[in-house]
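Protein chains in written order, with full-length UniProt numbering: chain A, 1 to 148; chain B, 1 to 148.
Number of protein chains: 2
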Amino acid sequence: MEIDAQRRRGKFWDAIEGRAPMPPAAALLGWELVAIDPDQGTIEVAFEAGEQFLNPVGVVQGGFLAAMLDDTLGPALVATLPEDQFAPTLDLHVQFLRPARPGRIVGHGRIVQRGRDVCYLAGELIGPDGKTVAVATATALIQTVRSG
Amino acid sequence: MEIDAQRRRGKFWDAIEGRAPMPPAAALLGWELVAIDPDQGTIEVAFEAGEQFLNPVGVVQGGFLAAMLDDTLGPALVATLPEDQFAPTLDLHVQFLRPARPGRIVGHGRIVQRGRDVCYLAGELIGPDGKTVAVATATALIQTVRSG
């Protein structure tokens, strides 16, 4: 996780380094940074899938796995952006491989291809038992904040 | 919402009719049934997108919209199943059309095609201002619970 201070700026790094609170959605998911390599465009994060995410059959509702994947793939890109850019997700495709039990879920995200504007992202979630529970791809669009 | 009592059985209807608690994931999303037509395979539900779902730029994190869509499309099918069947989602594709502000979000779900096992589902979410914020398609597989 060797990233020089110049690149550790903006909302993402402010939250990671404690200069700003964690965004509510990330806090709700128990989001935690495990490892990051902005040069490779890869990230490893972890989530805490609590009882509140369970569906009627007692496994994590697929939608919350989708939320975790969104918060895995997005940060792989966002961590590499300068302070005046952000990158909304245009679409997200999730395949649910097997039921996910509650507990610690690890997310691996990566930039598949980075264009000037359009970026293709991919990743997967590993359940508490070490098995892959879901995979996803996403498209994101880099946008620059225009200051008035 | 004219559905005879014989069809109002199983986990889905137990939660709707207060015979069982709402599943945690649905409760967390503020899930509420607005209207349902199992013969048409359509459902209208509503969610309460609270502050806890917001991302760093103050709009609902896309992943939680995905969670809401999963909990819109799934119930369109689940409401039509007999008590001994359930239908896990195999995949979910979400397109994010515009940012969603916090507030009441309405979901419309429908069965596009129902096979003996495989079902194709679609739907969309309408934000507090009446504009469509996200659309989705999903594939679900009907499974029968085998009693030992």
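Glycine included, each C-beta is placed from N, C-alpha and C at the ideal position.
* To do: Per DSSP, which residues does GLN143/A bridge with? Please list them.
  => PHE86/A
* To do: Assess, as a yes-or-no matter, whether the region 16-24 of chain A is touched by the region 117-128 of chain A under the definition of 3 or more beta carbon pairs within less than 8 Å.
  => no
* To do: To the nearest angstrom, report how far apart THR144/A and PRO82/A are at their CA atoms.
  => 9 Å
* To do: Look at PRO99/B and VAL135/B and say whether their C-beta atoms are less than 9 Å apart.
  => no
* To do: Following the continuous alpha helix (DSSP H) through ALA100/B, name the residue where it begins and the one where it ends.
  => Run containing ALA100/B: none; DSSP gives neither H nor E here.
* In or out: GLU51/B buried (at least 16 other Cβ within 10 Å) or exposed? -> exposed
* Asked: Using a Cβ-Cβ distance under 9 Å, would PRO99/B count as near chain A?
  -> yes
* **Contact between the region 34-43 of chain B and the region 93-112 of chain B (3+ Cβ pairs under 8 Å)** => yes
* Under a CB-based cut-off of 9 Å, is LYS11/A close to chain B? -> yes
* Nearest to ILE126/A (by Cα), restricted to the options ALA49/A, ALA26/A, ASP39/A -> ALA49/A
* Asked: What is the DSSP secondary structure of GLU51/A, reduced to helix, strand or coil?
  -> helix
* Cα-Cα, which of ARG8/A, ALA138/A, PRO23/A is closest to GLY111/A? -> A quick correction: the sequence has Ile, not Gly, at residue 111/A. If we check each option's Cα against that of ILE111/A, ALA138/A comes out closest.
* Asked: If you draw a straight line from the alpha carbon of LEU97/A to that of LYS131/A, how long is it in whole angstroms?
  -> 9 Å
* Taking LEU65/A as the reference, give the member of ILE142/B, ASP91/B, PRO56/B, VAL57/B with the closest Cα. => ASP91/B
* Asked: Taking the alpha carbon of ASP129/A as the point to measure from, which residue in GLN113/A, ASP117/A, ARG116/A, GLY103/A has its own alpha carbon closest?
  -> GLY103/A
* To do: Could you name the residues of the region 28-62 of chain A whose beta carbon sits closer than 7 Å to any beta carbon of chain B, in the order they occur along the chain?
  => LEU28, GLU51, GLN52, PHE53, LEU54, ASN55, PRO56, VAL57, GLN61, GLY62
* At which residues does the alpha helix (DSSP H) containing ALA66/A begin and terminate? -> 62-78
* Asked: Which value, in whole angstroms, describes the spacing of the CA atoms of GLN95/B and GLY74/A?
  -> 15 Å
* Is the distance from the Cβ of ALA140/B to the Cβ of LEU77/B below 9 Å? -> yes
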